[in-house]
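**Student:** Going by full-length UniProt numbering, the first residue of the sequence shown is number 1, and it counts up by one from there. We treat Cβ as the ideally placed atom computed from N, Cα and C, and that holds for glycine. I'd like to ask some things about the structure below.
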Amino acid sequence: MRDAKTVLLNTLTEVAGSAPTFVEIRADGFVALFSDELNALRVAYHYRKKKVTCSHRRALRVWSVTVRNQ
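Here it is in structure tokens:
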């Protein structure tokens, strides 16, 4: 699990241009939080062929990207 999270974190950092604030791997995909909208949108676009939700979490002041495997 640790290796999978490291690989995902490296991929997200490469795609977004900066590291996500938080990453959680789930059985059906993952959730990543970014402090910048542009970084979140880059990740959402990268995973556009899967089920992607990108939303702003005002209370946390972060952008959330949820990717679900189909």
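#1: Using a 10 Å radius around the Cβ and a threshold of 16 neighbouring Cβ atoms, would you call ASN39 buried or exposed?
#2: How long is the line joining the alpha carbons of LEU8 and ARG58, rounded to whole angstroms?
#3: Identify the continuous beta strand (DSSP E) that holds THR53 and give its terminal residues.
#4: Could you check the C-alpha separation between ARG61 and SER35 for me, to the nearest Å?
#5: Whole angstroms are fine: how far does the CA of ARG2 sit from the CA of LEU41?
#6: Looking at the unbroken alpha helix (DSSP H) that takes in LEU8, where does it start and where does it end?
**Tutor:** In this structure, then:
#1: buried
#2: 25 Å
#3: 51-57
#4: 7 Å
#5: 25 Å
#6: 2-16
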